[in-house]
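Down below is the structure, laid out as structure tokens.
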Amino acid sequence: MKSGIAILTVVAFASVPLWLRDPYLMNALITTGIFIIGAMSLNLLLGFTGQLSLGHIAFFGIGAYVSALTSLGFDVGLPFGFRIVHHPWPPIAGFVLAIAIAGLCGYLVGLLSFRVRGAYFVIVTISFAEVVRLVALNWVELTQGPLALTNIPSITVGLPGLGDLTLRTKLQNYYFVLAVAVVTYLLISRLVHSHFGRAMRGLMENETLAVSVGIDVTKTLTLAAVISAGIAGAAGSLYAHYIRIIDPEVFAFINTVTMVIMVITGGKGSLAGPVVGGMIFGLLPVFLRPIMAPKAQWIAYGGVLIIILFVLPRGIVPSLALRFAKRRSRPETVAPVTFSERDAKEHA
Amino acid sequence: MTAIALKVEKVAAHFGGLVALSDMNFTVGEGEIVSLIGPNGAGKTTAFNVVTGFLDPTHGAVSYRGTALNGLKPHQIAELGLIRTFQRTSVFPNDTVYDNLLVGLHRQGRVSLLEAILGLPRARSSQRRLRERASELVEWVGLERRAHDLAGSLSYGEQRLVGVALALAAEPSMLLLDEPVSGMNASETHTFVQLVRNIRDRGVTILLVEHDMPMVMSVSDRIVVLNYGRIIAEGPPDMIRNDPAVIEAYLGQGATRA
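Taken in order, these protein sequences are the chains called A and B. Just so you know, the first sequence maps onto residues 1 to 348 in the working numbering. Just so you know, the second sequence maps onto residues 1 to 258 in the working numbering.
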């Protein structure tokens, strides 16, 4: 049943451009989709290992800058008279490099902070995001600083038998983002149902016990951080090539907060949670725009967040799943929705 | 004399000025059931923590089947087949019993990340094997009816069983049980003793920390008695039962004269 819902959701999303012609709404959906990918990557850490990254936008922004610079080329001077000159590469190479370099940053941050974890990880990630923002702002020769990187080329994908396709229109970008989102969802789903996923859950629930059966804490958490950062980097790359202009504001703390809100309202630790939360908070500005000033919208977000968590404290998806399961099994004993049952159904 | 599995040599553990263990020496032979007993605060759990790498000893050395354990992390010691259970935190409370065992099977389930993500045949067959093994283990400790209940919702005694099954899932060659029957009633304890014997008959060496004296006396091949961080007696149950130093440690000095 669960995979049925997933397929229906994908079909529904795929059909949107057939009946929605409004370019403003299409644009909102594309950026929402990009942020949902970011939120899914955050959920991998927050929901499945319990580690809160409050600098997650750093990986997103690094992905955006790496991808943009790879496809634009650059020429920077280094100390001692060295220069690095890079000629433009195709944007798809930027996309791959964005994943790799964001993943590498995830590895370094993880390695630094997972020895201590918890609050320390939160602080390290916040600081990391701020440092990266300052670098982007001040290394003008590389990043143009506040002047922004402009004219970033659109992604070109090679389609078998059809030649190259450059994603210029909103329609094309919409489907590309949708495809990346589906792949991301499947990747995370496979990952959390594998023995790596079980190791992550074990660590989150009872670290001492998990260690005693042979689970390597640092390795498991670092791996989760690498994959999470890599996915965030991919989202950043999509963002850069779609918006086609990026400045250091991309690293703003509020962007991380948006992703965290998406994950928490949708339901952390649930695969569909970030998608549901992301749709709500991605599209909320669209509906609030006619009636509220941008700054006032943040107050509305806070209100919506509080109402949702008051009514559905575990987040939308897990709370509804639990109610649904209770209703169905009322005649017999009440069985909570569990990992293995979902698991068994998905693999059945 | 069987081969020595675990060897603890001159181990001391200090917490600041407090001496939790001093100059502890004992060995456990392959396939033996050895119990570590002593009054509360005697250092039994500290000894467990030192052996399983959760605590670094201040002095001394621990080795298992000839491998020095000093400086190894707990998960590396688990790799060697030395698996422990815990006094309190014995389960993953928000997972079902069955899922608990799947986590415990971590050491058996290793396939590469790529294989797992792509769902390659090897990863699938490994998953299938793990599921079968988890079902077997659930049956073996007699918790089939609770397999799909959350471990946190089980009774205390049942949680202890899950804890032991979890440890067994990790395929130990030596199992360290920290007060496994505390919180169990008499019949549960009786069943548990059978279980421990069964485990040993499968070739697993066992080191047990326990307060339940009848249980310790009935199951152990040998007993090591700790008091104030040092060993005061060591030998088979019959000898320990009549050892004046042991009686004194448990009942006080008056008892020896009485």
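We put the beta carbon where it would ideally sit given N, CA and C, even for glycine.
- Taken atom to atom, the span from the alpha-carbon of residue 140(A) to that of residue 146(A) is near 8 Å.
- Shortest Cα-Cα distance from residue 166(A) to any of 153(A), 177(A), 160(A), 178(A) involves 153(A).
- Pairing residue 220(A) with residue 113(A), the inter-Cα distance amounts to about 13 Å.
- Nearest CB-CB separation between residue 165(B) and chain A: not below the 8 Å threshold.
- Within chain A, no residue has its CB atom less than 8 Å from the CB of residue 206(B), the nearest being about 16 Å off.
- Cβ contact annotation for residue 45(A) (same chain, cutoff 7 Å, sequence separation greater than five): 51, 53, 224, 225, 228, in chain order.
- About 18 Å separates the Cβ atoms of residue 85(B) and residue 203(B), ruling out a contact at the 8 Å cut-off.
- Rounded to the nearest whole angstrom, the C-alpha separation of residue 205(B) and residue 270(A) is 41 Å.
- In this chain, the beta strand (DSSP E) harbouring residue 222(B) covers 222-227.
- Of all residues in the segment 196-207 of chain A, those with a C-beta nearer than 8 Å to a C-beta of chain B are 196, 198, 199, 201, 202, 205, 206, reading in chain order.
- Excluding sequence positions up to five before and after residue 190(A), its CB lies less than 6 Å from no other CB in the same chain.
- A contact between stretches requires three or more CB pairs, one per stretch, nearer than 8 Å, and the segment 114-124 of chain B fails this requirement with the segment 205-217 of chain A.
- Within the segment 58-134 of chain A, the runs of alpha helix (DSSP H) at least 4 residues long that lie entirely inside it are, in chain order, 91-113.
- At a Cβ-Cβ threshold of 8 Å, residue 19(B) and residue 62(B) do not count as neighbours.
- Scanning the segment 144-194 of chain A from its first residue to its last, the whole alpha helix (DSSP H) runs of 4-plus residues come out as 170-193.
- Contacts with chain B (Cβ-Cβ distance below 8 Å) from the segment 204-232 of chain A involve 205, 206, 208, 209, 210, 211, 212, 213, 214, 215, 216, 217, 223, listed in chain order.
- Under a 10 Å Cβ-count criterion, residue 198(B) is classified as exposed, with fewer than 16 other Cβ atoms of the shown protein chains found around its own Cβ.
- Cβ contact annotation for residue 172(B) (same chain, cutoff 8 Å, sequence separation greater than five): 81, 82, 83, 204, in chain order.
- In the structure shown, residue 24(B) adopts extended strand secondary structure according to DSSP, grouped into three states.
- Note on residue 185(A): 16 or more other CB atoms within 10 angstroms of its CB, so buried under the neighbour-count rule.
- Burial state of residue 239(B) is exposed, judged by a 10 Å Cβ sphere holding fewer than 16 other Cβ atoms.
- By the C-beta density criterion, residue 61(A) is buried, having at least 16 other C-beta atoms within 10 angstroms.
- Residue environment analysis places residue 183(A) among the exposed positions, since fewer than 16 neighbouring C-beta atoms fall within 10 angstroms of its C-beta.
- For residue 79(B), the nearest CB of chain A lies under 8 Å from its own CB, placing it at the interface with that chain.
- Sequence-distant partners of residue 221(B) (beyond 5 residues in either direction) whose C-beta falls short of 6 Å from its own C-beta, in its chain, are 32, 33.
- For residue 49(B), the nearest beta carbon of chain A is not closer than 8 Å to its own beta carbon.
- Under the DSSP definition of a beta bridge, residue 64(B) partners with 6(B), 67(B).
- Chain A has a Cβ within less than 8 Å of the Cβ of residue 95(B).
- Under the three-state reduction of DSSP output, residue 292(A) falls in the coil class, being neither helix nor strand.
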